[in-house]
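Line order of the protein sequences matches chains A and B. Here the first sequence stands for residues 405 to 815, where the numbers follow the numbering used here. Here the second sequence stands for residues 405 to 815, where the numbers follow the numbering used here. Every residue gets a Cβ at the ideal spot worked out from N, C-alpha and C, and that includes glycine. All values reported here derive from a predicted model rather than from experimental measurement.
There are 2 protein chains.
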Amino acid sequence: MMATFEENLEKYAELAVKVGVNVQPGQPLYIGASIESAEFVRLVVKKAYEAGASHVIVDWGDDEVTRLRYELAPEASFSEFPDWIPAMRQELIDMNAAFMNIVSQSPDLLKNADPNKIATFQKTAGQALEGYRQAVQSDKVSWTVIAAPSAAWAAKVFPDKPEADQVPALWDAIFKAVRADTEDPVAAWKKHDETLHEKVEHLNERKYAKLHYTAPGTDLTIGLPEGHLWAGAGSINAKGNEFMANMPTEEVFTVPHKDRIDGYVSSTKPLSYSGNIIDNFKITFESGRISAVEAEQGEDVLKHLIEADEGAKSLGEVALVPHSSPISTSGILFFNTLFDENASNHLAIGSAYAFCVEGGKEMDRAELEAHGLNQSITHVDFMIGSDQMDIDGILDDGTREPIFRGGEWAF
Amino acid sequence: MMATFEENLEKYAELAVKVGVNVQPGQPLYIGASIESAEFVRLVVKKAYEAGASHVIVDWGDDEVTRLRYELAPEASFSEFPDWIPAMRQELIDMNAAFMNIVSQSPDLLKNADPNKIATFQKTAGQALEGYRQAVQSDKVSWTVIAAPSAAWAAKVFPDKPEADQVPALWDAIFKAVRADTEDPVAAWKKHDETLHEKVEHLNERKYAKLHYTAPGTDLTIGLPEGHLWAGAGSINAKGNEFMANMPTEEVFTVPHKDRIDGYVSSTKPLSYSGNIIDNFKITFESGRISAVEAEQGEDVLKHLIEADEGAKSLGEVALVPHSSPISTSGILFFNTLFDENASNHLAIGSAYAFCVEGGKEMDRAELEAHGLNQSITHVDFMIGSDQMDIDGILDDGTREPIFRGGEWAF
Numbered sequence: 405m406m407a408t409f410e411e412n413l414e415k416y417a418e419l420a421v422k423v424g425v426n427v428q429p430g431q432p433l434y435i436g437a438s439i440e441s442a443e444f445v446r447l448v449v450k451k452a453y454e455a456g457a458s459h460v461i462v463d464w465g466d467d468e469v470t471r472l473r474y475e476l477a478p479e480a481s482f483s484e485f486p487d488w489i490p491a492m493r494q495e496l497i498d499m500n501a502a503f504m505n506i507v508s509q510s511p512d513l514l515k516n517a518d519p520n521k522i523a524t525f526q527k528t529a530g531q532a533l534e535g536y537r538q539a540v541q542s543d544k545v546s547w548t549v550i551a552a553p554s555a556a557w558a559a560k561v562f563p564d565k566p567e568a569d570q571v572p573a574l575w576d577a578i579f580k581a582v583r584a585d586t587e588d589p590v591a592a593w594k595k596h597d598e599t600l601h602e603k604v605e606h607l608n609e610r611k612y613a614k615l616h617y618t619a620p621g622t623d624l625t626i627g628l629p630e631g632h633l634w635a636g637a638g639s640i641n642a643k644g645n646e647f648m649a650n651m652p653t654e655e656v657f658t659v660p661h662k663d664r665i666d667g668y669v670s671s672t673k674p675l676s677y678s679g680n681i682i683d684n685f686k687i688t689f690e691s692g693r694i695s696a697v698e699a700e701q702g703e704d705v706l707k708h709l710i711e712a713d714e715g716a717k718s719l720g721e722v723a724l725v726p727h728s729s730p731i732s733t734s735g736i737l738f739f740n741t742l743f744d745e746n747a748s749n750h751l752a753i754g755s756a757y758a759f760c761v762e763g764g765k766e767m768d769r770a771e772l773e774a775h776g777l778n779q780s781i782t783h784v785d786f787m788i789g790s791d792q793m794d795i796d797g798i799l800d801d802g803t804r805e806p807i808f809r810g811g812e813w814a815f
Numbered sequence: 405m406m407a408t409f410e411e412n413l414e415k416y417a418e419l420a421v422k423v424g425v426n427v428q429p430g431q432p433l434y435i436g437a438s439i440e441s442a443e444f445v446r447l448v449v450k451k452a453y454e455a456g457a458s459h460v461i462v463d464w465g466d467d468e469v470t471r472l473r474y475e476l477a478p479e480a481s482f483s484e485f486p487d488w489i490p491a492m493r494q495e496l497i498d499m500n501a502a503f504m505n506i507v508s509q510s511p512d513l514l515k516n517a518d519p520n521k522i523a524t525f526q527k528t529a530g531q532a533l534e535g536y537r538q539a540v541q542s543d544k545v546s547w548t549v550i551a552a553p554s555a556a557w558a559a560k561v562f563p564d565k566p567e568a569d570q571v572p573a574l575w576d577a578i579f580k581a582v583r584a585d586t587e588d589p590v591a592a593w594k595k596h597d598e599t600l601h602e603k604v605e606h607l608n609e610r611k612y613a614k615l616h617y618t619a620p621g622t623d624l625t626i627g628l629p630e631g632h633l634w635a636g637a638g639s640i641n642a643k644g645n646e647f648m649a650n651m652p653t654e655e656v657f658t659v660p661h662k663d664r665i666d667g668y669v670s671s672t673k674p675l676s677y678s679g680n681i682i683d684n685f686k687i688t689f690e691s692g693r694i695s696a697v698e699a700e701q702g703e704d705v706l707k708h709l710i711e712a713d714e715g716a717k718s719l720g721e722v723a724l725v726p727h728s729s730p731i732s733t734s735g736i737l738f739f740n741t742l743f744d745e746n747a748s749n750h751l752a753i754g755s756a757y758a759f760c761v762e763g764g765k766e767m768d769r770a771e772l773e774a775h776g777l778n779q780s781i782t783h784v785d786f787m788i789g790s791d792q793m794d795i796d797g798i799l800d801d802g803t804r805e806p807i808f809r810g811g812e813w814a815f
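Have a look at this one:
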């Protein structure tokens, strides 16, 4: 028997609360969401209070208000960022709040906006929110990123469906991707978590010095820092509580050594970044720094992105996802990194996760850099995987072992 | 020819920006609004940027999220108030922002909520936002309160109409009340402003020592402070810019002397306060303090209200509105003070406006109290007018002059 939309929506809300942020009794919960997602957000709020949340703070946004700002506000205003926003995040961190972001932005929202305004905003916001980003990237607090459809996003994913069917189709795709359509989603996630952790344990045991990626348009060697740690699926915050930082998640990932990346890599899926699409691009590295970029679409936006700061010219994440992952086999291009990165091997421009190196959660910025972990105000994943990608792990002594062959796990 | 809904909505948005807050080039604008009002809010945002606003910050709320909090959150959480909220208001005041609140709350939103939670929240929020309230009540910044329908509010106002007609009917009533349905609403407001200012000038010239109200259920004498000033319609902020604090507004008002109120007064319209209705109530005063209250509906909520602090046991505003005001003759009971207070003579429990006494904008709290101006964390208007109300002005020498007879201006 098919589950109804309402049943799936309720299961998804429960998953977000129980598995995503894993709200604890007496804990505040921050939810960042679009006003278009109100029906789902209200369900999440209800489930969170039922799980014992002390206060659920919903920080609503609206795509159209954002678009109007980029269209009409003076350029100088984009280099100002209100103090109360980082103050709010810090106060919530100090209260041990959990953070849930429900993404739904239209992939084309800012396609007509001035790229200077976008770049200035990203840089200004990135600097202002550094404390928050560090708390999240070191897993100090519980956090999760999940998604809900907006009409514009659904139209981008399913342009050939009748308008009335687009949002329901995207809901169905999301339910499937996050296992909300299974009989017991919480149990399904527990099992999924275990599967990914087996890969993590194998990779952590091998301690590769380098990874070598080859595919059409790609020949890239990435050094890994001494003491690097692979991670995947469930995380653990500073209080010892489990959470799931992304739903869906199909990846295992670690950090690259920021000075040991050489060669070139080509994108295999469009990247939706800040309301714009960047597509068919190639990035070249020399000694860890980006030395050249080219893109068939969105080259301006990509060039602005890598100018955000020094760290935006290197990588902060390497992630492995088999080409046969459920999201990949769905054949749906989501134009949203939360989904598309879980259908493909990917890398991230920008900052590295502190928890991906031994002792990293206790290191300051300088210590992390000394260990090879890149620091930046930005962190943007991009997709490079395909069924033609091979990846070798290279041990300290130069021995090569296959990790991926033809886009699939080779061990 | 009838104007279309879209034309009226656009005129209303323009009025809110040009007459309500009167946004200046380079000025930030804060908008507090419900997510249900998104269509109208987006129009206001657009008009504000077109008028030169540097940044429009929309602080969205949702009735259902609020209701869930009162239903499910622990009682102790209502005595905590986040620091970032007053910090945000203060930062905006320091930036000389304008403040627009678009009200739409269901009058019955919290009718099943625990009155202790409501009272605790009102007290906690009132204390936390004291700095903001003082900036607004002394006209330091430009501010306006306007309204937009929500489905639940429209259903309360028009319970006998088919559901699909309720929101459009409330929009029409609002358009009419704020003159958005006239050919040139900005010019209509200029004329209206002049009419109210004629009444203000007359009353300021008379310098009455006391007002004496009589009507069925009412026999109340209210002393006015030395140097009190009547006000109405347009206000002027600290930078010298005009704004309209309420739209609609049909009142002229001043402050009572907080220690010189004696007698009893009966409500003539239900009062919608904090998601509850208080109806058919009577308040008795002795030497400026409330000595007794009784209410057929909502007595608990009323009793909690007057316990908020010492100032909640006295009055902060006396306002005169003829019974023939356009909102009154519409015959619509709005269950929303922004409208209902402009259909009726009214008083306000709580804090007094500093600009309603000579030199008041420069006085601190102690000086204002010394001049007889009540101070409180709350300010709640309630309606007492009817076609049977007479009001006399009493001069220092005891001479009586008619101000209202049978609910209408008598001069």
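| Query | Result |
| --- | --- |
| Ile522 (chain A) beta carbon near the ligand FMN (any heavy atom closer than 6 Å) | Absent from the structure shown: the ligand FMN. Ligands present: none. |
| C-beta atoms of Asn680 (chain B) and Val697 (chain B) nearer than 7 Å | no |
| Helix, strand or coil at Pro870 (chain B) [DSSP, three-state] | It is not possible to answer for residue 870 (chain B), since the shown part of chain B is limited to 405 through 815. |
| Thr782 (chain B) beta carbon less than 7 Å from that of Gly530 (chain B) | yes |
| Validate contact between the region 663–680 of chain B and the region 778–796 of chain B using beta carbons, cut 8 Å, 3 pairs | yes |
| According to DSSP, residues forming a beta bridge with Ser676 (chain B) | B:Ile681 |
| DSSP bridge partner residues for His601 (chain B) (one or two, in chain order) | Beta-bridge pairing links His601 (chain B) to no other residue. |
| Min CB distance Ala442 (chain A) to chain B below 7 Å | yes |
| Cβ-based neighbour list, Gln570 (chain B), same chain, cut-off 6 Å, excluding 5 preceding and 5 following | Ala558, Ala559 and Phe562 |
| Inter-stretch contact at 8 Å, needing at least 3 Cβ pairs: the region 489–497 of chain A / the region 485–501 of chain B | yes |
| Alpha carbon of Ala699 (chain A) to alpha carbon of Tyr617 (chain A), nearest angstrom | 20 Å |
| Minimum C-alpha distance to Gly810 (chain A) - residue among A:Leu628, A:Asp794, A:Val427 and A:Ile461 | A:Asp794 |
| For Lys611 (chain A), the nearest candidate out of A:Ser678, A:Thr658, A:Thr599 and A:Pro652 (CA to CA) | A:Thr658 |
| Member of A:Gly627, A:Ser732 and A:Asn740 whose CA lies at the smallest distance from the CA of Asp800 (chain A) | A:Gly627 |
| Status (buried if at least 16 other CB within 10 Å, exposed otherwise) for Asp518 (chain B) | exposed |
| Proximity of Ser755 (chain A) and Phe647 (chain A) at Cβ, strictly below 7 Å | no |
| Residues in the region 448–459 of chain A having any Cβ partner in chain B nearer than 8 Å | Val449, Lys450, Tyr453, Glu454, Ala457, Ser458 and His459 |
| Nearest residue (CA-CA) to Ser438 (chain B), options A:Lys415, A:Lys451 and A:Val462 | A:Val462 |
| DSSP three-state assignment for Gln701 (chain A), whether helix, strand or coil | strand |
| Where Met651 (chain B) meets chain A, residues with beta-carbon distance less than 9 Å | Within 9 Å Cβ-Cβ: nothing; Met651 (chain B) doesn't reach chain A, min ~22 Å. |
| Chain A within 7 Å of Ser483 (chain B), Cβ atoms only | no |
| Chain A contact residues for Glu495 (chain B), given Cβ-Cβ distances below 7 Å | Pro486, Asp487 and Trp488 |
| Between the CA atoms of Pro652 (chain B) and Ala452 (chain B) - distance to the nearest angstrom | 20 Å |
| Classification of Phe525 (chain B) by the beta-carbon crowding that lies within 10 angstroms, buried from 16 upward | buried |
| Terminal residues of the beta strand (DSSP E) in which Val460 (chain A) lies | His459 to Gly465 |
| Gly436 (chain A) - DSSP class collapsed to helix/strand/coil | strand |
| Whether Thr551 (chain B) touches Leu719 (chain B) by CB criterion (7 Å) | A small correction: the amino acid at residue 551 (chain B) is Ala; Thr does not occupy that position in the sequence shown. No, the pair does not count as a contact, with Cβ atoms beyond the cut-off. |
| Short CB-CB distance (under 7 Å) between Met492 (chain A) and chain B | yes |
| Euclidean distance between Cα positions of Ala407 (chain A) and Glu587 (chain A) | 9 Å |
| Buried or exposed by the 16-neighbour rule on C-beta atoms within 10 Å, applied to Ile682 (chain A) | buried |
| Contact between the region 769–777 of chain A and the region 637–644 of chain A (3+ Cβ pairs under 8 Å) | no |
| Reduced DSSP secondary structure (H/G/I, E/B, other) of Ala568 (chain A) | helix |
| Three-way DSSP call (helix, strand, coil) for Ala455 (chain B) in this model | coil |
| His750 (chain A) to Ala758 (chain A) span [Cα, whole Å] | 19 Å |
| Sequence-distant residues of its chain with Cβ nearer than 7 Å to Thr470 (chain A) (five each side left out) | Leu513 |
| Backbone secondary structure at Ile522 (chain B) - three-state DSSP | helix |
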